[in-house]
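Visitor: Numbering (our numbering), first residue to last: 554 to 1299.
What follows is a single structure, and I will ask about it in a moment.
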Amino acid sequence: MGTRVVENRKIKKETFPVTGMSCAACASSVESVLSHTHGVSKASVNFASNTVLVEYDQRLKPEDLQNALRSVGYDLLINEDDPSAAQEELQQEHYQDVKKRTIWSAILTLPVFIIGMFYMDWNAGRWISLVFTIPILFYFGRSFYINAWKQAKHGKSNMDTLVALSTGTAFLFSFFNTIFPDFWHQRGIHPHVYYEAAVVIITFISLGKLLEEKAKSNTSSAIKKLMGLQPKTLKAIINGEEQEIPISAVQKGFTIVVRPGEKIPVDGVVKTGNSYVDESMITGEPVPVSKTSGDKVFAGTVNQKGSFQFEAEKVGGETLLSQIIKMVQEAQGSKAPVQKLVDKIASIFVPIVIGISIVTFITWMILGGDDAFTQALLTSVAVLVIACPCALGLATPTAIMVGVGKGAENNILIKDAESLELGHKVNAVVLDKTGTITEGKPTITNLHWESNFKDKPELASILLAIEAQSEHPLAEAVVKKLKEEGVKPAEITGFDSITGMGAMAKDHLGNLYFIGNLKLIKKQNIAISENTQAIAERWQNEAKTVIFYTDEKSVLAVIAIADKIKPTSKTAIEKLRKRGIEVYMLTGDNNQTAEAVAKEVGLTSFKGEVLPSEKADFVQELQSKGKIVAMVGDGINDSHALAQADVSIAMGHGTDIAMDVAKMTLITSNLESIPKALKLSSLTVKGIRQNLFWAFIYNVIGIPIAAGVLYPINGFLLDPMIAGAAMAFSSVSVVANSLRLKYREL
């Protein structure tokens, strides 16, 4: 993500890429350090994109912020020519490093696991295991120990702490037993080693980190694609000559030249020429807009067939596209970093386990009698081994992985765990109209021929020929419809486009024909029958665009064009409402069209003529009332609202920007996938809760037994080897419970 600066009362707001963060606790540390730096009023870390949004006194230098973070092991990217590219390069390097370490850990873990499970009494096996274990723990798995040390320095603990502690203890105990087996033989005890427990933990957790890094490496692609909508160069009239200049050199007041098919580089006002401009990235509406002298044009929108010149009014960060980019950045960054549930638990769980292990050791040293030290060491190690984080660590990711797979089977692509965790709480759904409730492209819904002209196929051929030459965007719908019906174009001459009204042409006999709106018909004084007028008015009341096909004297046919409502929209909305969810529709289209569509799908809550920023404001307004909001959209104009929503869902046929910002994407255009996605969330969260419950019950029962609570009753002491097997069983049970979701109906 690029750096963006906004000045307000000597306060600078700037987004910096951050390096060195490996978990949500790191994000919390970065936020805390920057927030407590003198001159900083606010710092908000977006862990998903590895960026921090800082509001600070402009007298403070970015280098001061960088030095504050470097002192605790993190770094800011400043003074880079292209910070986003530098950050992306670092992310890719980190991902490849994690991938390499995970693969090598898995390769070396396999022989250690086989020896530990099936050849535990083979004396040479423990030496082989030791040789393989050292690189797994202290080279490929070194990040866990480094991060645990970082957390310890700040008086904190997380999953890395538990991984480092349990694997480190298992390794040191096993290492001692390998080097000094006689210590235990003299006491009548066979010395076990637990290398397999240590390496399996490292490998499994590394795999989870790899999947997390892969997901995170794609989070900034939405912003990059938005930035890509703006051309790098433009053509401007300078000193009376047309010159190609970099977009960074353009200034307000420059005259910009736009040719057919080109993107409009900055915001401005048309001076000369006319064309149709595709503004769907802003409005979401599929029909390009006519632009003539005095009309506004916006950066990132696409010119169609005509050419024009316009005067630059807003450049750089002032353009509407730049404002959309900024709003998406800030909406993503304003969310608090997701503190993983397991990390929260671990922050309490780790100190408790360490405390229990120490108390166990001391208790056995006091009460253990002749074998006090042996029993103290075995029981304290058993506590640490049985409290291994595998079950806790697998509880959430396994359920999420199965949930994501189940979603994919049902045409629901899920980007992250947060959306699955939140989906079941959604009680308000906001739907974009165009491309979400409707098909997103204009099509002919009605074609009425006057009775006198029904049986004259040559008239349809002339209509096709005129529309095929027309630049008007609605002409494509007519051409498509007539071609589908097998109509062939006739020969026409004298074609002429009438700006703002339609077009005209002559057939081979010199007869004149018109195609256009009511203004054109009235201007040419062409008669309309009462029946045709009534039909046209009825279609207009249904929010359809009506065009007339005439000769010089009378109307030949009347055509209605509209954006069709998807057949599944109404049933999907009914299903959502049955779940007690409030459903709203927002559209940039006019209020009459909005009302007609809302009425057809059974909605009472809707708003028309809504700008992109107003969609996000509406979502924020619902959130301020305590609603958990899901936003469903398909266009760039929806990206800010999607970023603002608690759960964001994009339609798969929509823009890449919408799909990148959204946390879920529906591959199908069927809206019935939305209630399915929310039910999937409910089932997944239920599975996570069950997994965590069993992981905790296992620890609540297992830790006291490992500590020797049963010894005074029946003389039972839990061998660390059995503790390791119990730990493995708990992990298997968690995975098995997660897999049950695969067989549930959505």
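Every residue, glycine too, gets a C-beta built ideally from N, C-alpha and C.
Taking the alpha carbon of residue 932 as the reference point, which residue from 742, 920, 914 has its own alpha carbon closest?
Guide: Translated into positions along the sequence shown, residue 932 becomes position 379. Cα-wise, what sits closest to residue 932 is 914.
Visitor: With a threshold of 16 other CB atoms inside 10 Å of the CB of residue 1267, please say whether the residue is buried or exposed.
Guide: The residue given as residue 1267 occupies position 714 in the sequence shown. Answer is exposed; the Cβ neighbour count stays below 16.
Visitor: Taking the alpha-carbon positions, what's the residue 1037 to residue 1030 distance?
Guide: Stepping through the sequence shown from its first residue, residue 1037 is reached at position 484. Stepping through the sequence shown from its first residue, residue 1030 is reached at position 477. Cα to Cα, residue 1037 sits roughly 11 Å from residue 1030.
Visitor: Below 7 Å CB to CB, which residues in the same chain sit around residue 586 once its five sequence neighbours on both sides are set aside?
Guide: Here residue 586 is taken as the residue at index 33 of the sequence shown, counted from 1. So the qualifying residues of the chain are 621, 622, 625.
Visitor: So, for residue 1126: in the same chain, excluding its five sequence neighbours on each side, which residues have a beta-carbon less than 7 Å away from its beta-carbon?
Guide: Walking along the sequence shown from the start, residue 1126 turns up at place 573. These residues qualify, in order along the chain: 1136, 1154, 1155, 1156.
Visitor: Taking the alpha-carbon of residue 1245 as reference, which of 695, 982, 1288, 1215 has the nearest alpha-carbon?
Guide: In the sequence shown, counting from the first residue as 1, residue 1245 sits at position 692. Ranking 695, 982, 1288, 1215 by Cα distance to residue 1245 puts 1288 first.
Visitor: Can you give the beta carbon distance from residue 1161 to residue 1143, rounded, assuming they're within the 8 Å contact cut?
Guide: Position 608 of the sequence shown, counted from the first residue, corresponds to residue 1161. Position 590 of the sequence shown, counted from the first residue, corresponds to residue 1143. So it is a contact: roughly 6 Å between Cβ atoms.
Visitor: In whole angstroms, give me the CA-to-CA distance for residue 693 and residue 903.
Guide: Counting from one through the sequence shown, the residue named residue 693 turns up at place 140. Counting from one through the sequence shown, the residue named residue 903 turns up at place 350. Distance between the alpha carbons of residue 693 and residue 903: 23 Å.
Visitor: Do the segment 649 to 669 and the segment 677 to 693 meet, that is, are 3 or more Cβ pairs less than 8 Å apart?
Guide: These segments touch.
Visitor: Could you tell me whether the segment 1064 to 1080 touches the segment 1015 to 1022, using the rule of 3 or more Cβ pairs below 8 Å?
Guide: Counting Cβ pairs under 8 Å, three or more are found: they touch.
Visitor: Where residue 1173 and residue 1197 are concerned, what is the direct C-alpha to C-alpha distance, given to the nearest angstrom?
Guide: Translated into the one-based positions of the sequence shown, residue 1173 becomes position 620. Translated into the one-based positions of the sequence shown, residue 1197 becomes position 644. Approximately 7 Å, taken between the alpha carbons.
Visitor: What are the boundary residues of the beta strand (DSSP E) that residue 1093 is part of?
Guide: For the purposes of this step, residue 1093 is taken as residue 540 along the sequence shown, with counting starting at 1. Looking at the DSSP string, residue 1093 is not in any beta strand (DSSP E); the run it does join, the alpha helix (DSSP H), is 1083 to 1094.
Visitor: Buried or exposed, going by whether 16 or more other CB atoms sit within 10 Å of the CB of residue 1171?
Guide: Position 618 of the sequence shown, counted from the first residue, corresponds to residue 1171. That one is buried.
Visitor: Which two residues bound the contiguous beta strand (DSSP E) that contains residue 848?
Guide: By one-based count along the sequence shown, residue 848 stands at place 295. Where residue 848 is concerned, there is no enclosing beta strand (DSSP E), given that its DSSP letter is neither H nor E.
Visitor: Could you tell me the alpha carbon to alpha carbon distance between residue 821 and residue 861, rounded to whole angstroms?
Guide: The sequence position of residue 821 within the sequence shown is 268, counting from 1. The sequence position of residue 861 within the sequence shown is 308, counting from 1. Rounded to the nearest angstrom, the two C-alpha atoms are 12 Å apart.
Visitor: Taking the alpha helix (DSSP H) that residue 1249 belongs to, which residues open and close that run?
Guide: Taking the first residue of the sequence shown as position 1, residue 1249 is located at position 696. First-last of the alpha helix (DSSP H) with residue 1249: 1226 to 1260.
Visitor: Which residues share a DSSP beta bridge with residue 1002?
Guide: Residue mapping note: residue 1002 aligns to position 449 of the sequence shown, counting from 1. For residue 1002, which the question treats as bridged, DSSP gives the partners 1110.
Visitor: Could you tell me whether the Cβ atoms of residue 630 and residue 590 are closer together than 8 Å?
Guide: The count along the sequence shown starts at 1 and reaches residue 630 at position 77. The count along the sequence shown starts at 1 and reaches residue 590 at position 37. No, the pair does not count as a contact, with Cβ atoms beyond the cut-off.
Visitor: Would you say residue 1026 and residue 829 are within 8 Å of each other, going by their C-beta atoms?
Guide: Numbered from its first residue, the sequence shown carries residue 1026 at position 473. Numbered from its first residue, the sequence shown carries residue 829 at position 276. A contact, by the Cβ cut-off of 8 Å.
Visitor: From the DSSP secondary-structure annotation, give me the bridge partner or partners of residue 830.
Guide: Within the sequence shown, numbered from 1, the residue matching residue 830 stands at position 277. Note: residue 830 sits in a beta bridge opposite 842, 856.
Visitor: Terminal residues of the continuous beta strand (DSSP E) containing residue 1045?
Guide: Stepping through the sequence shown from its first residue, residue 1045 is reached at position 492. Where residue 1045 is concerned, the enclosing beta strand (DSSP E) stretches over 1045 to 1051.
Visitor: Quick one: what does DSSP say residue 957 is sitting in, helix, strand or coil?
Guide: The sequence position of residue 957 within the sequence shown is 404, counting from 1. Helix, per DSSP.
Visitor: Shortest alpha-carbon distance to residue 1114 belongs to which of 1124, 1105, 817, 1099?
Guide: Position 561 of the sequence shown, counting from 1, holds the residue named residue 1114. With distances taken between Cα atoms, residue 1114 lies closest to 1099.
Visitor: Whole angstroms are fine: how far does the CA of residue 566 sit from the CA of residue 752?
Guide: Walking along the sequence shown from the start, residue 752 turns up at place 199. Walking along the sequence shown from the start, residue 566 turns up at place 13. Near 45 Å, if we compare the C-alpha coordinates of residue 566 and residue 752.
Visitor: Using 10 angstroms around the beta-carbon of residue 727, count the other beta-carbons present and answer buried if the total reaches 16, otherwise exposed.
Guide: As a first step, residue 727 must be located in the sequence shown, where it is residue number 174. Buried: at least 16 other Cβ atoms inside 10 Å.
Visitor: Mapping the DSSP letters down to three states, classify residue 1337 as helix, strand or coil.
Guide: In this structure the chain extends from 554 to 1299, so residue 1337 is not present and cannot be described.
Visitor: How would you write the range of the beta strand (DSSP E) that residue 532 sits in, first residue to last?
Guide: An answer regarding residue 532 cannot be provided, because it is not within the stretch 554 to 1299 covered by the chain.
Visitor: Residue 1282: which of 1221, 1241, 1061, 938 sits nearest, CA to CA?
Guide: Locating residue 1282 in the sequence shown gives position 729, counting from the first residue. The shortest Cα separation from residue 1282 among 1221, 1241, 1061, 938 belongs to 938.
Visitor: Taking C-alpha atoms, which residue in 581, 570, 1270, 1292 lies nearest to residue 930?
Guide: Within the sequence shown, numbered from 1, the residue matching residue 930 stands at position 377. The residue with the shortest Cα to Cα distance from residue 930 is 1270.
Visitor: To test your reading of the DSSP string, which unbroken alpha helix (DSSP H) runs of 4 or more residues are found completely within the segment 685 to 747?
Guide: 695 to 706, 712 to 732, 735 to 738, all fully within the segment 685 to 747.
Visitor: Using the Cα positions of residue 1193 and residue 957, report the straight-line distance between them to the nearest angstrom.
Guide: Counting from one through the sequence shown, the residue named residue 1193 turns up at place 640. Counting from one through the sequence shown, the residue named residue 957 turns up at place 404. Their Cα atoms are separated by approximately 25 Å.
Visitor: Using beta-carbon positions only, say whether residue 978 and residue 1134 come within less than 8 Å of one another.
Guide: Position 425 of the sequence shown, counted from the first residue, corresponds to residue 978. Position 581 of the sequence shown, counted from the first residue, corresponds to residue 1134. Going by C-beta atoms, residue 978 is not nearer than 8 Å to residue 1134.
Visitor: Hey, would you say residue 784 sits closer than 8 Å to residue 798, going by beta carbons?
Guide: Sequence index remark: in the sequence shown, residue 784 carries index 231 (1-based). Sequence index remark: in the sequence shown, residue 798 carries index 245 (1-based). Contact flag unset, no.
Visitor: If you draw a straight line from the C-alpha of residue 794 to the C-alpha of residue 787, how long is it?
Guide: Start at 1 with the first residue of the sequence shown, and residue 794 comes out as number 241. Start at 1 with the first residue of the sequence shown, and residue 787 comes out as number 234. Approximately 13 Å, taken between the alpha carbons.
Visitor: May I ask you to report which of helix, strand or coil DSSP gives residue 966?
Guide: Numbered from 1 along the sequence shown, position 413 holds the residue referred to as residue 966. Looking at residue 966 - three-state DSSP - the assignment turns out to be strand.
Visitor: Using a 10 Å radius around the Cβ and a threshold of 16 neighbouring Cβ atoms, would you call residue 768 buried or exposed?
Guide: As a working note, residue 768 is residue 215 in the sequence shown. Because the pLDDT at residue 768 is just 48, under 50, the model does not fix this residue reliably, and the value given afterwards should be weighed accordingly. By the 10 Å Cβ count, residue 768 comes out exposed.
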